[in-house]
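In mature numbering (1 follows the signal peptide of the UniProt record, and there is no 0), the protein residues as written are -30 to -1, 1 to 63. To start, the structure itself, in structure tokens.
See below:
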């Protein structure tokens, strides 16, 4: 009977798996760093006059919100120091 992972046996499967993991590690690290959180310290918004009436009710369906400037990239400072917040926040002006 052939057991590829029998005690005391090191086959090509184990070494191939280890090699694949070692080769994939830099790719995983690069993907994680590419998506790293970057807080916006000096936001720049172009704000225009509202195109219509706005009702402050949490819904963005009013005509006045169609061209509203969007602000995001907020950071958490308590607790933490400019860290990614647990909840994404965006504001419209």
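Don't be surprised by glycine CBs; every beta carbon is placed ideally from N, CA and C.
| Query | Result |
| --- | --- |
| Beta-ladder partner(s) of residue 29, from DSSP | The partner list for residue 29 (beta bridge, DSSP) is empty, contrary to what the question assumes. |
| Close-in-space but distant-in-sequence residues of the same chain around residue 17 (CB under 6 Å, 5 per side omitted) | 39 and 63 |
| Close Cβ partners of residue 23 (< 7 Å) along its chain, the five nearest in sequence each way excluded | 32, 33 and 34 |
| Residue from 53, 43 and 56 whose Cα sits closest to the Cα of residue 14 | 43 |
| Alpha carbon of residue 53 to alpha carbon of residue 26, nearest angstrom | 29 Å |
| Spatial distance of residue 28 from residue 46 (CA atoms) | 22 Å |
| Residue of 41, 30, 36 and 8 minimising C-alpha distance to residue 21 | 36 |
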